[in-house]
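Structure, as structure tokens:
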Amino acid sequence: MAFRLFLETFDTMKKFYFTVLVLLTTVAGFAQPQKIVADKIVAVVGDRIVLQSDVLNSISDIMRKGGTVPPNAECALLEQMMVSKILMLQAMKDSLVVTDEEVEAELDQRMRYYINEFGSKEAVEQVAGKSIYQIKEEARETVRENKLAQAMHRKIVENVRITPAEVKAYFNRIPVDSLPFFETEVEIGQIVVLPKASRELEKYVMDELANYKRQIEAKLITFAQAAQKYSEDPGSKENGGQYQINRTDKAWDPAFVAAAFRLKDGEISPVFKSKFGYHIVQMVQRSGDDALVRHILRIPPVTEDEIRQGIAKLDSIRAKIIAGNMSFNTAAGKYSEDETAKYAGPLMISRDGDTFLNIDELDKDVVAQLDKLKVGELSQPYAYVDERGRRAVRVLFLKSRSEPHRMNLRDDYNRISQAALEEKKMLTLEKWFTTNLPRFYVQIDPDLADCVQLKKWVEVQKTYASN
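If you want my numbering, it's the position in the sequence shown, counting the first as 1, plus 926.
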């Protein structure tokens, strides 16, 4: 969005904040395991060290993920790691708590990421040259330190607030020729109804899945072949229905996880229902709370009769809203079957979590409906196909529509306020580091002492050397 370009005018503060933010989210991630021919300590902060291998592995990890390695990457990443050490040490001094459960959950999440990325637990272990257990144990202290640093970061900025006067002053400092131009943006709410298939069609789908199971067990077809041929899950169909799952991962449907973990290796479940449809699942291999499974998903088809019933239901809800008997937000909370609404509310959101959407971010059918609406109006109920391929019915509510305009306080106050708050947090962090850095012992490898990013750290080092 154009607003991002506007933020980029504050290079100095953004670079400082980027250092801290990237550090707290990625540096403590597991770099692709490598054998370092020679290693050495490149920095000491307090009683903690940073190894050259830590820096080089982080650079390799950025490259492997397709990211852009910044200029003077070793200097920039070393500074990030040193910032992390400072925050972590201060968190320990302030007795901030990170539980073993939090650390274990983070380790499990990162292991699942790498297992999914490399395809299997065995592939990760082969690349790393060690077991998953060993990888976790070696990373445990790093993860704990990282979470302590995050906790300290939150503590430093948690009480930062912004006043209307500060928002206005922030806006007035932006050069007029740097104010971004915003195209038309809209805020749109929706109430979604997901029509249910008839019992007859549900039974038909269940019988088909049971038949697939019989064919697989009779070795007439493999589970992977059946998944490629019959499954309606686009996320796993091409790779034979395969997923790497974890019993404690809340992202998975509970019914799916429960059915999978009742199985022994090689066993196939009975037909069961989840929020996505009907399944059979095969346990390929299980190791504790981790498992490699295959599944076949079938979604009972919705007929025109069910669609008409959904439209009639939304017609009734729409009439209540128009009559003033119920607000749109209340109706959406009570009747909408859109799962994202439970967490984000009834307004559609962008990938950045913003409720203001550009026209090019919207589905074609939504754009077609907006052409008929004025601000504050509801669309007629209409049928559509959602992102999962399900037939559904919805009513749209046009909450606001902005005209193309240059950024200004009247139309964009919330955005400007958020940017002003982030700048104030940056300044708060910068002030905290300026005040507290001299309290910590710092030692930097002479080969890196000329790094521009490390200038303030070198000054601290000189202070200690002279005392």
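The beta-carbon is built from N, C-alpha and C at its ideal position, and this holds for glycine as well.
Taking the C-beta atoms as reference points, P1307 is found nearer than 8 Å to D1241.
With fewer than 16 other Cβ atoms from the protein chains shown falling within 10 Å of its own Cβ, P1196 counts as exposed. DSSP places Y1308 in the uninterrupted beta strand (DSSP E) bounded by Y1308 to V1311.
Collapsing the DSSP output to three states places E1265 in coil. The continuous stretches of alpha helix (DSSP H) do not include K1298, and DSSP gives it neither H nor E.
In this structure, A1257 is the residue among A1257, L1335 and R1316 with its C-alpha nearest to the C-alpha of L1322. Spanning the alpha carbons of V1050 and A999 requires a straight line of approximately 26 Å. Taking R1212 as the centre and dropping the five residues before and after it, the same chain places the C-beta of D1191 closer than 7 Å to its C-beta, in chain order. For E1230, the number of other beta carbons within 10 angstroms of its own is below 16, and it is reported as exposed. Excluding sequence positions up to five before and after V1183, its CB lies within less than 7 Å of the CB of I1171 and R1173, all in the same chain and listed in chain order. The closest CA to that of R1327, considering only K1122, C1001, A1345 and G1115, is found on G1115. Counting of Cβ neighbours within 10 angstroms places F1107 among the exposed residues, the total staying below 16.
Cβ atoms of K1011 and V971 come within 8 Å of each other, at about 4 Å. For L1120, the CB contacts under 7 Å within the same chain, skipping 5 residues up- and downstream, are E1263, R1316 and A1318 in chain order.
Straight through space, the alpha carbons of H1205 and K1350 are spaced by roughly 51 Å.
In the displayed model, I988 falls within a helix according to three-state DSSP. Rounded to the nearest angstrom, the gap between the Cα atoms of W1358 and K1047 is 42 Å. DSSP places D1159 outside both helix and strand once states are collapsed to three, so it counts as coil. Between E1313 and the set I1233, T1266, S1157 and D1338, the nearest pair of CA atoms involves T1266.
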